[in-house]
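Residue numbers (the working numbering), protein chains in the order written: chain A, 6 to 262; chain B, 100 to 318.
Just so you know, even glycine gets a beta-carbon here, dropped at the ideal spot from N, CA and C.
Just so we're clear, the structure is a prediction, and the values are computed from it rather than from any experiment.
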């Protein structure tokens with residue numbers, strides 16, 4: 006169905022989000038913004054032109070008593086990465102050692118072609134100059150560079166944390182390649198434990214086990230992006246919406262293309 | 100002397116009325132310049148684009164103005180390659196329109212991207228899988244061709260004949276033309292190098308003569 010991953014070094018980091026555990030509190034989105042120096046929204050920003058590396062979308066279905074909340078971030082496409090294909094100046098780079106799709110803001114021209122290409126709407130453009138009112142600048146994370154006006158940014162799976170974890174592991178006498186201590190800020194912050202982060206190529210990791218477990222799926226799987234963010238749910242209607250073709254779903258839950 | 104430039108039977112408009120006719124176009128230009136200033140100084144938040152509708156003016160221009168400018172190439176193709184001599188009367192207008200269209204598209208692109216000063220990065224580390232890289236390279240080539248096509252219109256200006264260096268350049272152009280015609284297209288590169296070096300030397304001589312207090316006089 007999809008080509009094998011072109012990774013070196015044995016690590017392919019991914020995430021499994023259990024939608025039945027997520028209660029939509031948004032702690033992951035806040036933790037993400039604080040960790041990655043995402044500037045607070047300006048007064049006239051709205052949900053369409055603000056910057057969110059991680060957003061929690063609410064899904065509802067008539068007749069279903071419970072809404073579903075879907076934390077959405079860069080899905081870290083593995084086999085076919087639309088943003089990396091379309092960027093005219095290689096500002097999107099895929100790290101073969103970890104599989105992480107990284108954004109190079111200082112090389113970004115701001116043409117927004119990647120935003121048009123991304124099927125998950127995971128990318129944000131800096132429409133305004135970043136502003137840090139009231140001493141927020143004092144709380145910036147020194148491990149992550151801030152971005153300027155006119156460039157595109159997105160979730161990087163907290164790749165600076167991978168560097169930290171590698172250094173720590175190497176200092177402790179390890180090979181410094183695939184540290185198990187590496188996790189993202191959102192996974193750390195989730196109070197419901199809905200987000201599991203780990204190395205998908207390591208069969209012993211929780212993330213790899215959960216990703217292959219029954220009930221796990223990926224968003225828009227028919228596009229064969231080979232994304233490394235998996236979702237889990239027992240609710241069929243959530244599962245159908247994740248395919249993006251709810252309108253063509255038959256009564257027995259099968260989909261047609 | 101100017102009446103030779105006005106078609107027979109037409110009367111030249113008085114200067115005041117001519118200026119009056121320019122007002123709407125100047126107003127349009129002023130509006131565009133103000134918009135460009137807003138985008139460059141305050142950022143693209145001044146437009147109505149957002150993260151969902153991330154493409155704006157440039158895509159419109161790429162699909163319409165570029166198509167209009169392509170007419171210059173087709174007219175040139177019909178005239179120079181297919182030898183349709185009756186098009187000679189419109190080739191200058193076609194080239195001017197094409198030049199305005201292509202340079203305008205590039206200028207609008209520079210306003211419509213977030214960091215226009217980084218535009219050269221596409222040439223420094225290009226991603227050959229991107230269609231935008233292809234578009235950038237094509238626009239550059241087209242604009243270069245149009246600039247070369249546009250050059251005769253500038254060089255044929257009568258005022259330029261008063262500069263001695265330009266007369267020498269014209270003579271050189273004729274020599275080069277004969278050279279290329281005689282030796283085939285392969286000689287073009289040699290001819291261009293020759294032309295470049297000699298033109299640079301001419302500029303140097305001109306500059307030196309100005310410096311020595313002997314300004315260039317009318318020939």
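Is it true that the CB of residue j sits closer than 8 Å to the CB of residue i?
{"i": "residue 192 of chain A", "j": "residue 204 of chain A", "result": "no"}
{"i": "residue 235 of chain A", "j": "residue 39 of chain A", "result": "no"}
{"i": "residue 132 of chain A", "j": "residue 137 of chain B", "result": "no"}
{"i": "residue 242 of chain B", "j": "residue 196 of chain B", "result": "no"}
{"i": "residue 88 of chain A", "j": "residue 116 of chain A", "result": "no"}
{"i": "residue 301 of chain B", "j": "residue 280 of chain B", "result": "no"}
{"i": "residue 170 of chain A", "j": "residue 184 of chain A", "result": "yes"}
{"i": "residue 75 of chain B", "j": "residue 245 of chain B", "result": "Outside the shown range of chain B (100 to 318) lies residue 75 of chain B, about which nothing can therefore be said."}
{"i": "residue 34 of chain A", "j": "residue 190 of chain A", "result": "no"}
{"i": "residue 110 of chain A", "j": "residue 44 of chain A", "result": "no"}
For chain D, check one thing: does any of its Cβ atoms lie closer than 8 Å to the Cβ of residue i?
{"i": "residue 137 of chain A", "result": "The question asks about chain D, but that chain is absent: this structure's protein chains are A and B."}
With 16 as the cutoff for other CB atoms within 10 Å, does residue i come out buried or exposed?
{"i": "residue 164 of chain A", "result": "buried"}
{"i": "residue 19 of chain A", "result": "buried"}
{"i": "residue 72 of chain A", "result": "exposed"}
{"i": "residue 208 of chain B", "result": "buried"}
{"i": "residue 213 of chain B", "result": "buried"}
{"i": "residue 120 of chain B", "result": "exposed"}
{"i": "residue 144 of chain A", "result": "exposed"}
{"i": "residue 156 of chain A", "result": "buried"}
Taking 8 Å as the limit between beta carbons, can you name the residues of its chain near residue i, skipping five residues before and five after?
{"i": "residue 149 of chain A", "result": "40, 41, 42, 165"}
{"i": "residue 26 of chain A", "result": "197, 198, 199"}
{"i": "residue 237 of chain A", "result": "21, 22, 23, 24, 25, 215, 218, 220, 221, 222"}
{"i": "residue 80 of chain A", "result": "125, 127, 223, 224, 230, 232, 233, 234"}
In the DSSP assignment, find the alpha helix (DSSP H) that holds residue i and state where it starts and stops.
{"i": "residue 98 of chain A", "result": "Taken as a continuous stretch (DSSP letters only), residue 98 of chain A belongs to no alpha helix (DSSP H), being part of the beta strand (DSSP E) at 97-99."}
{"i": "residue 20 of chain A", "result": "Unbroken run through residue 20 of chain A is the beta strand (DSSP E), 18-23; no alpha helix (DSSP H)."}
{"i": "residue 241 of chain B", "result": "230-254"}
{"i": "residue 166 of chain A", "result": "164-176"}
I need the boundaries of the beta strand (DSSP E) containing residue i, first residue and last residue.
{"i": "residue 76 of chain A", "result": "73-77"}
{"i": "residue 227 of chain A", "result": "Note, residue 227 of chain A: premise wrong, no beta strand (DSSP E); not H, not E."}
{"i": "residue 267 of chain B", "result": "That residue, residue 267 of chain B, is in no beta strand (DSSP E); its alpha helix (DSSP H) goes 263-282."}
{"i": "residue 60 of chain A", "result": "60-64"}
{"i": "residue 108 of chain A", "result": "106-108"}
{"i": "residue 202 of chain A", "result": "200-204"}
In chain A, which residues lie less than 9 Å from residue i when you measure between Cβ atoms?
{"i": "residue 226 of chain B", "result": "89, 90, 91, 92, 93, 94, 95, 96, 97"}
{"i": "residue 135 of chain B", "result": "Here the premise fails: no neighbours, minimum Cβ distance about 15 Å."}
Using the beta-carbon of each residue, which ones in chain B are nearer than 8 Å to residue i?
{"i": "residue 134 of chain A", "result": "142"}
Using a Cβ-Cβ cutoff of less than 6 Å, which residues in the same chain neighbour residue i once the five nearest sequence positions on both sides are dropped?
{"i": "residue 62 of chain A", "result": "75, 77"}
{"i": "residue 29 of chain A", "result": "61, 74"}
{"i": "residue 8 of chain A", "result": "Because the pLDDT of residue 8 of chain A is 42, which lies under 50, any placement of that residue in the model is unreliable, and the question is left without a value."}
Applying a beta-carbon distance threshold of less than 7 Å, which residues of chain B neighbour residue i?
{"i": "residue 53 of chain A", "result": "149, 150, 151"}
{"i": "residue 129 of chain A", "result": "150"}
Which same chain residues, not among the five before or five after residue i, have their C-beta less than 7 Å away from its C-beta?
{"i": "residue 174 of chain B", "result": "186, 189, 190, 193"}
{"i": "residue 92 of chain A", "result": "118, 119"}
Would you mind telling me which residues of chain A sit closer than 7 Å to residue i, beta carbon to beta carbon, in chain order?
{"i": "residue 277 of chain B", "result": "By Cβ distance, chain A contributes nothing, its closest Cβ being about 42 Å from residue 277 of chain B, past 7 Å."}
Which residues of chain A have a Cβ atom closer than 8 Å to the Cβ of residue i, listed in chain order?
{"i": "residue 203 of chain B", "result": "Going along chain A, no residue has its Cβ under 8 Å from residue 203 of chain B, so there is no contact; the nearest lies around 18 Å."}
{"i": "residue 218 of chain B", "result": "114"}
{"i": "residue 235 of chain B", "result": "93"}
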